[in-house]
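If you're matching positions, the sequence shown starts at 413 in our numbering and goes up one per residue. In this text, a Cβ means the ideal position worked out from N, Cα and C, and glycines have one as well. Source: prediction; values computed, not measured.
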Amino acid sequence: MVLHCGESTEGFYLATLTVVDVATGWIELRPAWGLGATRVRGALHRSVLAMPVPLRELHTDNGGEFINHSLKEWCRQHGVRFSRGRGYKKNDQAYVEQRNWLAVRRVAGYDRYDTKAAFDTLERLYKLQRLQLNFFRPVSKLRGKERIGAKTKKRYDTPKTPYQRLVESGVLDNATKLRLQQQLEAINPAELNRRIETALRRLWDCTERKDQRKVG
């Protein structure tokens, strides 16, 4: 979860749920109306419905928005294996931590958002952004590490988009593969970028950032 609390965690504020498929890098983003267990579970459910492959296992951090009976029951009902990271070990969520900056912080910033208008704008923004990230943003995957003296040399594969990795994985049925291909062919990258910029301007209008100008 990425918190849109500004400089203080007091009171109510929105959050963003980032879901990343470890195998392909496919990403889903959903705003959550606060950190309540039911709200977070709802955001997760909407993310899972949008993913092109079934969810088999969910791995989260140790926040109370995840470690609760509501999410445990949801996983049981949907046949999803549930695991969590170790306390104070951020590398246990390395895949999502990397994307939190690229997909959320770099875009939405660190301002406070706590209104229905901001929620609706984030919803529109993320529907556009997921298309850009999954179909047009190639990412590299770590293939191995080699220790050379005091240094570690990392080896990466050829950068590919999550969509490309998903198709090459061979796990898609023909109907899903055709649907994704048609979705890709219908996207105008330039128009998509313009729509994202428009959504961002609307989001900035929703911020609770105070006027910092000095009064002489």
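* Unbroken alpha helix (DSSP H) run spanning Val579, endpoints -> Under the DSSP assignment, Val579 falls in the alpha helix (DSSP H) whose first and last residues are 574 to 581.
* Where Thr436 falls: helix, strand or coil (DSSP) -> Here Thr436 sits in coil by DSSP.
* **Nearest neighbour of Val551, chosen from Asn512, Val452, Gly561, Thr573 [CA to CA]** => Closest by alpha carbon: Thr573.
* Mind checking whether Phe494 and Lys484 have CB atoms under 8 Å apart? -> Yes, they are a contact pair.
* To do: Could you tell me the boundaries of the alpha helix (DSSP H) in which Leu447 lies?
  => Taken as a continuous stretch (DSSP letters only), Leu447 belongs to no alpha helix (DSSP H), as it is neither H nor E.
* Asked: Going by DSSP, which residues form a beta bridge with Lys563?
  -> Paired residue(s): Ile560.
* What did DSSP end up calling His416 once you bin it into helix, strand or coil? -> Here His416 sits in strand by DSSP.
* Closest by C-alpha distance to Pro466, when choosing among Val516, Arg606, Leu590, Leu578 -> Looking only at Val516, Arg606, Leu590, Leu578, the smallest Cα-Cα distance to Pro466 is reached by Leu578.
* Asked: To which residues of the same chain is Tyr425 closer than 8 Å at the C-beta, ignoring the five residues directly before and after it?
  -> So the qualifying residues of the chain are Leu415, His416, Cys417, Gly418, Gly446, Arg524, Tyr525, Asp526.
* Just grab the DSSP bridge partners of Leu426 for me. => Its beta-bridge partners are His416.
* To do: Measuring alpha carbon to alpha carbon, tell me which of Trp616, Leu612, Thr588, Glu603 ends up nearest Pro464.
  => Residue Thr588 holds the alpha-carbon nearest to the alpha-carbon of Pro464 among Trp616, Leu612, Thr588, Glu603.
* To do: Could you tell me whether the Cβ atoms of Arg421 and Val508 are closer together than 8 Å?
  => Per the sequence presented here, residue 421 reads as Thr, with Arg not at that position. Thr421 places its beta carbon 8 Å or farther from that of Val508.
* Taking only beta-carbon positions, decide if Leu537 is within less than 8 Å of chain B. => In the structure shown, chain B cannot be found, because there is only a single protein chain.
* **Backbone CA spacing between Cys618 and Gln544 [nearest angstrom]** => Cα to Cα, the separation comes out at about 23 Å.
* Asked: Could you check where the alpha helix (DSSP H) with Thr472 kicks off and where it finishes?
  -> First-last for Thr472: 469 to 472, but that is the beta strand (DSSP E), not the alpha helix (DSSP H).
* **Collapsed DSSP secondary structure at Arg613 in the structure displayed** => Note: Arg613 maps to helix in three-state DSSP.
* To do: For Phe531, name the three-state secondary structure that DSSP assigns.
  => Helix at Phe531.
* **Sequence-distant residues of its chain with Cβ nearer than 6 Å to Trp486 (five each side left out)** => Cβ within range, chain order: Arg453.
* Residue span of the alpha helix (DSSP H) that contains Arg488, given as start and end -> Counting along the chain, the alpha helix (DSSP H) containing Arg488 begins and ends at 481 to 489.
* **Alpha-carbon to alpha-carbon, Gln541 and Asp504** => Computed Cα separation, rounded: 25 Å.
* DSSP puts Leu554 in a beta bridge; with which residues? -> DSSP lists Tyr568 as partners of Leu554.
* Distance between beta carbons of Asn512 and Gly497, contact taken as under 8 Å -> Actually they are not in contact, since the Cβ atoms of Gly497 and Asn512 sit about 14 Å apart, beyond 8 Å.
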